[in-house]
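Novice:
In my numbering, the protein residues as written are 97 to 334.
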């Protein structure tokens with residue numbers, strides 16, 4: 097009687113193939129990518145160094161276009177927080193996904209047709225629907241009937257405004273002022289011009305979140321608490 101165990105079908109199928117190793121798609125793909133990089137570096141003057149710099153340049157271009165961009169402070173209108181020559185990092189995604197500028201935000205906007213053919217940086221004092229008045233009996237700006245204490249960021253010695261105004265901000269617009277009120281050209285100076293000194297939200301490039309240069313001024317720009325108790329505009333929802 098033949099007592100030797102016979103190989104089953106499972107045993108036969110599990111044996112290594114006699115024809116050689118199985119193909120390695122991942123290895124082939126990796127080698128193809130490596131070969132492509134090698135061909136590019138051979139063609140590109142400077143080789144790998146030039147390729148690395150080119151990739152970095154494209155990355156920075158995409159970052160500047162869609163995510164963040166630096167902005168140099170051109171004047172003293174936002175002192176003391178922002179000084180001439182400071183560079184701030186502007187968050188271009190801050191208002192891209194349904195969020196809107198809020199009172200107290202420092203924003204960079206395109207002033208073409210409103211302020212001039214340039215980008216400007218100011219603080220948001222009123223948003224769409226707000227009733228902004230200067231001033232109450234103590235000389236403070238009022239927003240929706242609430243007096244705002246701006247002393248924590250207003251330039252030392254400046255009053256909230258030497259210009260009297262009583263405006264309602266249209267929907268989709270902003271009323272903006274500089275922190276150095278006596279040296280700032282802002283919404284107050286254009287109340288009688290087309291647009292009434294208001295900035296369309298669509299023209300806002302982004303929110304200034306950080307001072308990044310010079311290194312001694314490096315700091316995060318926080319939204320002040322001064323506007324926290326301002327009630328919503330009449331008829332506003334949210």
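For every residue, glycine included, the Cβ atom is placed at its ideal position computed from N, Cα and C. Quick caveat, the model's predicted, so the values are computed rather than measured.
Does the Cβ of residue 176 have 16 or more other Cβ atoms within 10 Å, making it buried, or fewer, making it exposed?
Specialist: Exposed is the call here.
Novice: From what residue to what residue does the beta strand (DSSP E) around residue 168 run?
Specialist: For residue 168, the uninterrupted beta strand (DSSP E) run begins and ends at 164 to 168, by DSSP.
Novice: Let me confirm a value: residue 259 is counted as buried when at least 16 other C-beta atoms fall within 10 Å, else exposed. Which label applies?
Specialist: exposed
Novice: According to DSSP, is residue 214 part of a helix, a strand, or is it coil?
Specialist: coil
Novice: Tell me, please, whether the segment 203 to 217 touches the segment 246 to 255 by the rule of three or more beta-carbon pairs shorter than 8 Å.
Specialist: no
Novice: Output the distance between the C-alpha atoms of residue 184 and residue 305, rounded to the nearest integer angstrom.
Specialist: 7 Å
Novice: Could you spell out where the beta strand (DSSP E) holding residue 185 opens and where it closes?
Specialist: 183 to 187
Novice: Taking residue 301 as the reference, give the member of 324, 270, 251, 186 with the closest Cα.
Specialist: 186
Novice: Between the Cα of residue 303 and those of 190, 181, 210, spot the shortest distance and give me the residue it belongs to.
Specialist: 190
Novice: Going along the chain, which residues of its own chain have a beta-carbon closer than 8 Å to the beta-carbon of residue 180, five neighbours each way excluded?
Specialist: 169, 170, 171, 172
Novice: Check whether the segment 203 to 223 and the segment 292 to 301 are in contact - that is, three or more C-beta pairs closer than 8 Å.
Specialist: yes
Novice: My assumption, with CB atoms under 8 Å, is that residue 226 sits in contact with residue 271. Please give the rounded CB distance.
Specialist: 7 Å
Novice: Can you give me the Cβ contacts of residue 319 inside the same chain, cut-off strictly under 7 Å, excluding the 5 residues immediately before and after it?
Specialist: Only residues of its own chain outside the window of five on either side were considered, and among them 198, 200, 201 have a CB closer than 7 Å to the CB of residue 319, listed in chain order.
Novice: Does residue 330 pass the burial test, meaning 16 or more other C-beta atoms within 10 Å, or should it be called exposed?
Specialist: exposed
Novice: Excluding sequence positions up to five away, which residues of its chain have a Cβ less than 7 Å from the Cβ of residue 265?
Specialist: Scanning its chain for C-beta atoms nearer than 7 Å, with the 5 sequence neighbours on each side dropped, one finds around residue 265 the residues 222, 223, 224, 225, 226, 228, 271, 294, in chain order.
Novice: Let me confirm a value: residue 311 is counted as buried when at least 16 other C-beta atoms fall within 10 Å, else exposed. Which label applies?
Specialist: A residue is called buried once 16 or more other Cβ atoms fall within 10 Å of its Cβ, and residue 311, having fewer, is exposed.
Novice: Of all the options 261, 278, 276, which has the alpha carbon lying nearest to the alpha carbon of residue 239?
Specialist: Nearest of 261, 278, 276 to residue 239, Cα basis: 261.
Novice: Exposed or buried, which one is residue 285 when buried takes at least 16 other CB atoms within 10 Å?
Specialist: exposed
Novice: Give me the residue from 297, 288, 241 with the minimum Cα distance to residue 267.
Specialist: Measuring C-alpha to C-alpha distances from residue 267 to each of 297, 288, 241 identifies 297 as the nearest.
Novice: Taking just the CA atoms, how far does residue 278 sit from residue 195?
Specialist: Approximately 31 Å, taken between the alpha carbons.
Novice: Which residues share a DSSP beta bridge with residue 193?
Specialist: Note: residue 193 sits in no beta bridge, so no partner.
Novice: Decide if residue 233 is buried, meaning its Cβ has at least 16 other Cβ atoms within 10 Å, or exposed.
Specialist: exposed
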